[in-house]
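Mapping of the sequence shown onto our numbering: residues 1432 to 1928, in sequence order.
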Amino acid sequence: MVPLFLAAQKEPVDLDMVHRIRQEGLKNSQIRNISFHLTDVIGPRLSGSTGLSKANEWTSSQLEDWGLSNVEVVPWGEFGRGWDNERFYIAMTKPYYQHLVAVPRAWTRGTDSLVVAKPVLVNIQSEDDFERYRGRLQGKVVVTPVTSEPELSFQPLASRWSDEDLEELSQYPEIRSPAYGQPRRQASDWFAQRALMQKVNDFLEEEGVIALLNSSGTYGAVMSHGRGYATNVEPGMTVVDMTFEHYGRIVRLLEAGIEVELELDIRNNFLYDDLMGYNVIGEIPGTDRNLRDEVVMVGGHLDSWHAATGANDNAAGVAVMMEVMRILRELGVQPRRTIRIALWGAEEQGLHGSRSYVREHYFDPAGEGRKPDYDKLSAYYNVDNGSGRIRGIYLQENDALRPIFEAWFEPLADLGVSTVTMRRTGSTDHVAFDGAGLPGFQFIQDRLDYRRSYHTNMDTFERMQLGDMMQAATVVAVLVYHTAMRDERLPRKHFDR
């Protein structure tokens, strides 16, 4: 008996609605205004900071003004102490004056006033080295030797995916056998190094140093850092992250025996009034009585680092997703399923906002497992790879989705979006959903110069490509509309938990 295979029916596409979304998204866009408010007006949005609180207030108010329903700033759980930098100045005054490009590390203490101090070079390779410096560091600024230098790069500062790149990306990656031995040794070395670093920091704290300087970033950019927000430990000593070119100069002068003097004035404020973290939620309610309890979600993280205004990471993603909701609301869309936006908190510290949301509403791996609403989520779409155009989507190895997205992408091909890849991508909030067996997606975006300003003092409005973001919002709006209007939920991968 010959088996009969039926050709799958082609996924329907509402071309009239695609046209209307394109018109609104590309000709009446509010991307610039949203981006301006998130970056220039609100400023840095460090988790637990005054800036993030202002961002929560402004985004929720804007969503309400557009007519979204059930808009809330919802606590996801305890985050920890907040932190604001209120003043920062550092300069070298000997052997000559040089303003230094640097930022204070988040959740560390300040100097509370202008101080003048001499830097000392400290080279601790093991605990045996502590005695060499004991009693010699009181009132000093500590620097450590330069162990590596930035390599000269001949790569372009910005790039877009070529057709050849996208074709390669659409193919499943080469399957390799798992490696043994070496990764375990590398992990062991990493943990040993981390343990020594903590002992060094404790030693410097006990010795009464004024500050620790750290090389972080190059070409005038400074990478932001910080992790001392937990309230069960005391705030750490003053740490300043400095661009490599200025840090290296101080080290070379000290190595040559030349006297160096620094001025520092760092005012940091710890915030204890509200230790909770928050997500911003709003929605366009579903209208189909059989499907309105099901949800299509869009989102991106609202928090940023503090050295700049978190433009590409991730005001761009927030602006795109807010614009998606504005477009659909402006067009008077009556979705069969509810369309919900979530602007997450504390992504930079470990996807806390999105993981807590999934744990509360859908799947708790440490508790009851699947929640009553587990089967009600159709999809979650995330943007957090800068402001580049969307070129395709990562299916997270869910092969049943390929014909669906290929059909939805067809009328968007002239906007440069066509690639559907089985590959997985990680490191942002869709992982919270995908890890629970839920359809969570991140997009293939043109890389532009994202990595050049990533987490640095140069991640500002100027780095945002507004035209690309208009395209991205239009593409996501088309996908969200069709996901909300399908007869069935998007198919899921096998998940046996």
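Ideal Cβ placement from N, Cα and C applies to all residues, glycine included. Only a predicted model underlies this, so the values are computations on that prediction, with no experimental measurement involved.
key: Own chain partners of E1828 with C-beta closer than 8 Å, once the 5 adjacent residues on each side are dropped   = As a first step, residue 1828 must be located in the sequence shown, where it is residue number 397. Beyond the five residues adjoining it in sequence on each side, E1828 comes within less than 8 Å, by CB distance, of M1853, R1854, R1855 and K1924 in the same chain, given in chain order.
inquiry  = I need the straight-line Cα distance from D1890 to W1736, nearest angstrom please.
reply    = As a working mapping, residue 1890 is identified with position 459 in the sequence shown. As a working mapping, residue 1736 is identified with position 305 in the sequence shown. Spanning the two alpha carbons is a distance of roughly 9 Å.
ask   = Can you find at least 3 beta carbon pairs, one from the segment 1748-1757 and one from the segment 1693-1702, that sit closer than 8 Å?
value = The segment 1748-1757 vs the segment 1693-1702: no contact.
inquiry  = In this structure, how does DSSP classify D1471 when only helix, strand and coil are distinguished?
reply    = Locating residue 1471 in the sequence shown gives position 40, where the first residue counts as 1. Residue state, collapsed to three classes: helix.
key: Nearest candidate by alpha-carbon position, reference S1884, set Q1529, L1588 and P1716   = As a position in the sequence shown, residue 1884 is number 453, starting the count at 1. Out of Q1529, L1588 and P1716, the CA that lies nearest to the CA of S1884 is found in L1588.
task = Just the C-alpha distance for F1634 and Q1780, rounded to the nearest angstrom, thanks.
result = As a first step, residue 1634 is located in the sequence shown; it is residue number 203 there, counting from the start. As a first step, residue 1780 is located in the sequence shown; it is residue number 349 there, counting from the start. The alpha-carbon separation between F1634 and Q1780 amounts to approximately 26 Å.
query = Where in the segment 1584-1639 do unbroken runs of the alpha helix (DSSP H), each at least 4 residues long, occur, reported from the N-terminal end onward?
reply = With a minimum length of 4 residues, the unbroken runs of alpha helix (DSSP H) contained wholly in the segment 1584-1639 fall at 1594-1601 and 1613-1638.
inquiry  = Cutting at 7 Å between CB atoms, please list the residues of its own chain near G1800, excluding the five before and the five after it.
reply    = Indexing the sequence shown from 1 puts residue 1800 at position 369. So the qualifying residues of the chain are F1794 and R1928.
query = When the Cα atoms are used, what is the spatial distance from I1384 to Y1564?
reply = With the chain covering only 1432 through 1928, there is no way to say anything about residue 1384.
key: Residue from V1505, E1636 and Y1788 with nearest C-alpha to R1540   = Taking the sequence shown and counting its residues from 1, one reaches residue 1540 at position 109. For R1540, the closest alpha carbon among the candidates V1505, E1636 and Y1788 is that of E1636.
task = Taking 8 Å as the cut-off, decide whether the C-beta atoms of N1516 and P1535 are in contact.
result = For this step, residue 1516 is matched to residue 85 along the sequence shown. For this step, residue 1535 is matched to residue 104 along the sequence shown. Yes. Within cutoff.
key: Burial state of T1740, where buried means 16 or more other Cβ atoms lie within 10 Å   = Here residue 1740 is taken as the residue at index 309 of the sequence shown, counted from 1. Taking a 10 Å sphere around the C-beta of T1740, we find 16 or more other C-beta atoms and assign the residue as buried.
query = Could you give the distance in angstroms between the alpha-carbon of G1508 and the alpha-carbon of P1526?
reply = Translated into positions along the sequence shown, residue 1508 becomes position 77. Translated into positions along the sequence shown, residue 1526 becomes position 95. Separation of G1508 and P1526 (C-alpha to C-alpha, rounded to the nearest whole angstrom) is 50 Å.
key: C-beta atoms of L1695 and A1642 nearer than 8 Å   = Position 264 of the sequence shown, counted from the first residue, corresponds to residue 1695. Position 211 of the sequence shown, counted from the first residue, corresponds to residue 1642. The answer is yes: Cβ separation under 8 Å.
ask   = the ligand FAD heavy atoms versus the CB of S1478: any closer than 7 Å?
value = Questions concerning the ligand FAD fall outside what the structure shown contains, since it holds no ligand whatsoever.
request  = Report the three-state DSSP secondary structure of N1745 (helix, strand or coil).
outcome  = As a working mapping, residue 1745 is identified with position 314 in the sequence shown. In this structure, N1745 counts as helix in the three-state DSSP scheme.
message = Can you give me the C-alpha to C-alpha distance between N1663 and L1910, rounded to a whole angstrom?
response = The count along the sequence shown starts at 1 and reaches residue 1663 at position 232. The count along the sequence shown starts at 1 and reaches residue 1910 at position 479. In this structure, the alpha-carbon of N1663 lies about 44 Å from that of L1910.
task = May I ask you to report which of helix, strand or coil DSSP gives R1791?
result = Here residue 1791 is taken as the residue at index 360 of the sequence shown, counted from 1. Going by the sequence as given, residue 1791 is Glu instead of Arg. The answer is helix: DSSP assigns E1791 an H, G or I state.
key: Residues sharing a beta bridge with T1769, DSSP   = Within the sequence shown, numbered from 1, the residue matching residue 1769 stands at position 338. Answer is V1726, bridged to T1769.
query = Opposite I1875 in the DSSP bridges: which residues?
reply = For the purposes of this step, residue 1875 is taken as the residue at position 444 of the sequence shown. Assignment of beta-bridge partners to I1875 by DSSP yields G1823.
query = Distance, Cα to Cα, L1435 vs I1875?
reply = Indexing the sequence shown from 1 puts residue 1435 at position 4. Indexing the sequence shown from 1 puts residue 1875 at position 444. Because L1435 sits at a pLDDT of 36, beneath the cut-off of 50, its placement in the model cannot be relied upon, and the following sentence gives the value as read from the coordinates. C-alpha separation (whole angstroms): 37 Å.
task = Go through its chain and collect everything with a Cβ distance to R1476's Cβ below 7 Å, but skip five positions before and after it.
result = The sequence position of residue 1476 within the sequence shown is 45, counting from 1. The beta carbon of R1476 lies closer than 7 Å to those of G1482, L1483, A1486, L1733, D1734, S1735 and G1741 in the same chain, with the five residues before and after it left out.
message = Determine whether the beta carbon atoms of T1887 and M1654 lie at a separation below 8 Å.
response = Your numbering for residue 1887 matches position 456 in the sequence shown. Your numbering for residue 1654 matches position 223 in the sequence shown. A contact, by the Cβ cut-off of 8 Å.
request  = Can you have a look at V1433 and say buried or exposed, based on whether 16 or more other CB atoms are within 10 angstroms of its CB?
outcome  = Working through the sequence shown from its first residue, we reach residue 1433 at position 2. Low confidence applies here, because V1433 scores a pLDDT of 38, under 50, leaving its location unreliable and the question unanswered by this model.
query = What is the residue span of the alpha helix (DSSP H) that T1481 lies within?
reply = Here the question's residue 1481 lines up with position 50 in the sequence shown. Counting along the chain, the alpha helix (DSSP H) containing T1481 begins and ends at T1481 to D1496.
inquiry  = Looking at the strands, I want to know which residues DSSP matches up with S1500.
reply    = For the purposes of this step, residue 1500 is identified with residue 69 of the sequence shown, where counting begins at 1. For S1500, which the question treats as bridged, DSSP gives the partners E1714.
query = So, are the CB atoms of M1756 and I1462 less than 8 Å apart?
reply = As a working mapping, residue 1756 is identified with position 325 in the sequence shown. As a working mapping, residue 1462 is identified with position 31 in the sequence shown. For M1756 and I1462, no; Cβs fall outside 8 Å.
ask   = Once you ignore the five residues that flank A1438 on each side, which residues in its own chain have a CB closer than 8 Å to its CB?
value = Position 7 of the sequence shown, counted from the first residue, corresponds to residue 1438. Low per-residue confidence applies at A1438: pLDDT is 40, beneath 50, and the placement is therefore not dependable enough to give any value.
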